[in-house]
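Beneath this line is the structure, given in structure tokens, with notes to follow.
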Amino acid sequence: MERIYLDHNATTPVDPRVIEAMLGVLRDGFGNASSLHWFGQQARAALDQARAEVARLIGASPAEIVFTASGTEADNMALRGAAGTARPPRRGIVYSAIEHHAVMNTARALAEEGWPVSTVRVACSGLLDLDDLAAKVDETTALVAVMLANNETGVIQPLGDVVRIAHERGALVHCDAVQAAGKLEIDVRALDVDLLALSGHKIYAPKGVGVLYVKRGTRLRQWVRGGSQERNRRAGTENIPGIVGLGRAAALAGEDLASERARLTALRDRLEERLLAIPGTRRNGDGPRVPNTTNVSFEGIEAESLLMALDLGGVAVSTGAACAAGAVEPSHVLRGMGLPLERVQGSVRFSLGRGTREAEVDRAAELVVAAVARQRSLARSPATTR
């Protein structure tokens, strides 16, 4: 069976060019980047090159790039690091209702530890309520956390307005840009954020490597203790093969950004047109979106049943964030947008990627149409309604 992968927001396949870059390091670059001898300095050179490539992708200085083990660790490092340097009365944490679990659950943990935490409402469009944000950020706020692009709907948040509101009140801004990297142009200078998280496996690099951008002059408490790696910001011997892979992936993402954005937008719109032609189908999320993502609800359908039917047909999609797989609770993102529970439970995310082709989109749409029709037919049959 030919399988079609439309779940790139969960993870991406490692690009062959990234694998090639990593293989050289795995074979010959085993040195510790903290060692002073030749082997260590070879590893240091590879580390420095990757840091420069990641910095170039987001318009940062290499010195502002901190390598981590994941985007989740980067989010944790941002929130806990900022909280650790906060001083009364500026101790509050404010985050949006649709943040990734890495931000949301870290904020909740901080609340349990005594930090004042507030959640900002989101409109049914998927966009942050700026009036609610302005009402909740004041002189007691230490950090505001708002993602750039949502992982479930693809909706792009008005980050410029968020930064303006936060900085006017003296608060730092952390941006989870995991789902935006490689899909949108990111310039941390233009965005004026203080902290920003990236993840390797969302841009065709391997799992197990991420980035936290720390704007020059931003104070963070170190929370992984040990050696002096990463300019004393994150202790532990660097994962050189993973970091080299991330650096190569960042360089490729920058080179392909414009062409991929146009190509994926056309494919996404083609898929959406066919899906929205199904009666009782609605798109979740309005306004600007990343080019590869659409989230669609199917009336009268259980999303998990549809997902399994599609998987049997060879199409991989998702009901939401991969980190929430197996969770009983419905999508906190769609619920945060105020969508009714029935609509949330019938929603599926389709996320396209570098390997997606037009024929695959068309085949996937055909299988969705057939699967929805079959499930609705079964739901109406007397045998299932007795």
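Heads up: the sequence shown is residues 179 to 564, going by my numbering.
The beta-carbon is built from N, C-alpha and C at its ideal position, and this holds for glycine as well.
This structure is a prediction, so every number in the text was calculated from the model and none was measured.
Problem - Cut-off 7 Å between Cβ atoms - residues of its own chain near Val547, not counting five sequence neighbours on either side - result: Ile456
Problem - Backbone secondary structure at Phe208 - three-state DSSP - result: coil
Practice task
Measure from the alpha carbon of Ala557 to the alpha carbon of each residue in Pro508, Arg527, Val315, Glu480, then state which is nearest.
Solution key: Glu480
Practice task
Let me know the secondary structure DSSP gives Arg263 once reduced to three states.
Solution key: The amino acid occupying residue 263 in the given sequence is Thr; Arg does not appear at that position. Helix.
Handout entry: Inter-residue spacing [alpha-carbon to alpha-carbon] between Ala327 and Ile236
Key = 15 Å
Exercise for the section: Would you verify that the beta carbon of Glu477 is, or is not, closer than 7 Å to some beta carbon of chain D? Expected result: You won't find chain D in this structure, because it holds only one protein chain.
Practice task
Please confirm whether any heavy atom of the ligand ADP lies closer than 6 Å to the CB of Thr497.
Solution key: The ligand ADP is absent from the structure shown, which contains no ligand whatsoever.
Practice task
Using 10 angstroms around the beta-carbon of Asn410, count the other beta-carbons present and answer buried if the total reaches 16, otherwise exposed.
Solution key: exposed
Practice task
Inspect the CB distances between the stretch 358-374 and the stretch 383-397 and report whether three or more fall short of 8 Å.
Solution key: Counting C-beta pairs closer than 8 Å gives three or more between the stretch 358-374 and the stretch 383-397, which meets the contact rule.
Problem - Cβ-based burial, Met179 [other Cβ within 10 Å; buried from 16] - result: Exposed, since its Cβ has fewer than 16 Cβ neighbours within 10 Å.
Exercise for the section: Return the chain-ordered list of same chain residues with a C-beta closer than 7 Å to the C-beta of Val402, the five sequence neighbours on each side being excluded. Expected result: Arg412, Ala413, Gly414
Exercise for the section: State the DSSP-derived secondary structure class of Ser509, mapped to helix, strand or coil. Expected result: Coil, per DSSP.
Exercise for the section: Look at the alpha carbon of Leu308 and the alpha carbon of Leu484, and state the distance between them as a whole number of angstroms. Expected result: 35 Å
Problem - Segment limits, beta strand (DSSP E) that includes Asp354 - result: Unbroken beta strand (DSSP E) run through Asp354: 350-354.
Practice task
Look at the Cβ atom of Thr472, then the Cβ atom of Glu450, and state whether they are nearer than 7 Å.
Solution key: The answer is yes: Cβ separation under 7 Å.
Handout entry: Burial state of Leu530 (16 or more Cβ within 10 Å)
Key = buried
Exercise for the section: Please look up how many angstroms separate the CB atoms of Ser303 and Gly465, rounded, as I've assumed it's under 8 Å. Expected result: 5 Å
Practice task
Please confirm whether Gly425 and Glu231 have their CB atoms less than 7 Å apart.
Solution key: yes
Practice task
Report the residue ranges of all beta strand (DSSP E) runs contained in full by the stretch 302-387; include only those spanning at least 3 residues, in chain order.
Solution key: 319-323, 350-354, 373-377
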